[in-house]
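Protein chains in written order, with the working numbering: chain A, -3 to 340; chain B, 160 to 270.
Some notes on the structure that comes next.
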Amino acid sequence: MDIQNQSRKKAQMNKEEVTDTNSTLYGRMSDFEEQWSLETYEKNSDIRVVKMNKTDMEFDFIGVDASVANSFRRILLSEVPSMALEKVGVYNNTSIIPDEVLAHRLGLIPLKADARQFSYRIPDRDAIETDTLFFELNVKCSWNPKRPKDSSDPDEMYINHKVYSKDIKWTPIGAQVDLHGPNDVGPLEPDILIAKLRPGHEISLKLEAVKGIGKDHAKFCPVATAFYRLLPEITLKRPIVDEQAERLQKCFSPGVISLDDKDGKKVARVQDARYDSCSRNVMRYDDLADAVQLSRIKDHFIFSIESSCGTEPDELFIEAIKVLRDKCRKFLAEMKKSDLMETK
Amino acid sequence: MESAEVPHEECLTCVVPKGARDDTCKKFVFKNEDHTLGNALRFVISRYPEVTFCAYTIPHPAENEMVLQIQTTGINAEDVLVRGLQDLREICDITLKKFETARDEFRQQSS
């Protein structure tokens, strides 16, 4: 690969600096390659799912510009809707946690509910079955009559002294019972500690969950994390053997460098650069620093999404794409109203 | 899917910058938008051969608006914006299609 092409494709990670970081697809600098267009995007871009389960997924997003990949990431964090507790009606709270602190803690509890089946609550309008979920939290702490004498263990002394997210009970209204199964709605995790009580303390609350977006409040963020990193690439410029090879292996994440046995000598080989942390530890050794070239492929994004709302991560990414598409549609419709564009 | 945003008529306005002689140079003010749309749109539009300059700014962090400026070699800047929005929409469609294909392939392989 000639130098010009290499600097277009890869960002170099040197000892003290990172070079060739500019976006390759930017501007009209691509004299030596075909111009970026929708056709080339359709032809050259690629998505490969690497890992996927109910909560986490990792996929490779190749041949795309950072600006577009970043838009999807930003939308996942702040514009894909999810459900969260918004209103707390306190009937009784004699615990040591103030009402407002308790309400805030409750709001941050991830809820399991498919936000696509709900609409946004209209301000100053009564809650209806398609925009609000109701819950109750009623816990009262008391002495355990069967507690051993002289016991100082709270678990033995008291009943109900820990309030967990599993104590939040869903109270369906209208047709919600038929639309959502009993396991479709509720706290995502059963064992989130909300408050600690002592005998005589009581918490009695009515809760309302609504649909919202992360831009409005972080509790509506549907993902725990959504991030990408660029695919690392490690090139060994000369053979590295024995002691140097072992030292080289330790400079990288486990599994990145492997040692082959060749004529009784240990020879270092790059096995899999993908999961390297890119620490650049190798640059600390003067005798090794010149033997390796560390770089990152600028248009190969390793995208990770961790869902925290019960919706599968792949569905969340699809929602994110649709949000960006809907933004374009909205402004295109706006452009069509030519009279608006006359207002200069 | 609907979004919790302001009524439609307020979301996009056009401003002709001082000193601009014709409609090849225009600024567009997007209400309630940020880097998410701004940077992606800038990327798409800045690579058109007819476009000499395209950049976006968020003039003040406390105001929810994004300003995109487009300068062209001769065609109307509004047409360029329309084309940019259409292309970005296409990018979304292509990505959606490819993502769904990749996901279904993965499910088939792992089942």
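Ideal Cβ placement from N, Cα and C applies to all residues, glycine included.
Annotated three-state conformation of A/Y116 is coil, per DSSP. Where A/K207 is concerned, there is no enclosing alpha helix (DSSP H), although the beta strand (DSSP E) around it starts and stops at E198 to G208. If you draw a straight line from the Cα of A/L133 to the Cα of A/E198, it comes to about 10 Å. The Cβ-Cβ distance between A/K6 and A/M279 does not fall below 8 Å. Here A/E54 carries a strand assignment [DSSP, helix/strand/coil]. The C-beta of A/V45 comes closer than 8 Å to at least one C-beta of chain B.
Residue contact check for B/K177 against chain A: no CB pair falls below 8 Å. Within the region 208 to 294 of chain A, complete alpha helix (DSSP H) segments of at least 4 residues are found at 238 to 247 and 282 to 285, given in chain order. Neighbours of A/N66 in chain B, taken as residues whose beta carbon is under 9 Å from its own, are H194, T195, N198 and A199 in chain order. A straight-line Cα-Cα distance of about 27 Å links A/K333 and B/P208. Excluding the 5 residues flanking it on each side, A/N140 has same chain C-beta neighbours closer than 8 Å at E152, M153, Y154 and I155, in chain order.
Inclusion of A/I105 and A/I188 in the CB contact set at 8 Å is warranted, their separation being smaller than that value. In the three-state DSSP reduction, B/V239 falls in the helix class (H, G or I). DSSP assignment within the region 114 to 200 of chain A yields the following whole alpha helix (DSSP H) runs of 4 residues or more, N-terminal first: 150 to 153 and 172 to 175.
When CB distances to chain A are screened at a threshold of 8 Å, the residues of the region 239 to 250 of chain B falling below it are L240, V241, L244, Q245, D246, L247, R248, E249 and I250, in chain order. Around the C-beta of A/D122, fewer than 16 other C-beta atoms lie within 10 Å, and the residue is accordingly described as exposed. For a Cβ distance threshold of 8 Å, residue set K326, F327 and E330 of chain A lies close to B/C170, ordered along the chain.
Non-local C-beta neighbours of B/V210 in its own chain, meaning closer than 8 Å and more than five positions away in sequence, comprise I204, I229, Q230, T231, T232 and V239, ordered along the chain.
Under the DSSP definition of a beta bridge, A/Q8 partners with A/T15 and A/S291. Counting only residues of its own chain and dropping the five nearest sequence neighbours on each side, A/R143 has a CB closer than 7 Å to the CB of E152 and M153. The beta carbon of A/L98 sits closer than 7 Å to those of N89 and A191, all from its chain and outside the five residues before and after it, given in chain order. The beta-bridge partner set that DSSP reports for A/N88 consists of A/S200.
Along the region 221 to 232 of chain A, there is no position whose C-beta sits under 8 Å from a C-beta of chain B.
When rounded, the separation of the alpha-carbon atoms in A/C217 and B/R180 is 46 Å. The shortest C-alpha to C-alpha distance from A/P77 to any of A/G251, A/K207, A/S138 and A/K262 is the one to A/K207. Looking at B/K185, B/G197, B/R248 and B/L247, the one whose alpha-carbon comes closest to that of B/A236 is B/K185. With respect to the C-alpha of A/C324, the residue from B/L196, B/A221 and B/T216 having the closest C-alpha is B/L196.
Beyond the five residues adjoining it in sequence on each side, A/S41 comes within less than 7 Å, by CB distance, of I58, G59 and V60 in the same chain, given in chain order. About 7 Å separates the beta carbon of A/R270 from that of A/P228, a gap short enough to meet the 8 Å contact definition. The beta carbon of A/M79 sits no closer than 8 Å to any beta carbon of chain B.
Contacts with chain B at 8 Å (Cβ-Cβ) include A/E38.
Identification of chain B residues near A/I298 by a Cβ-Cβ cut-off of 9 Å yields none; the smallest Cβ-Cβ distance measures about 14 Å. Taking 8 Å as the cut-off, the Cβ atoms of A/I301 and A/M53 count as close. In terms of Cβ geometry, A/I71 and A/A316 form a close pair [threshold 8 Å]. Between A/E204 and A/F130, the C-beta gap is smaller than 8 Å, which places the two residues in contact. Around the Cβ of A/E239, a 10 Å sphere holds fewer than 16 other Cβ atoms; the residue is exposed.
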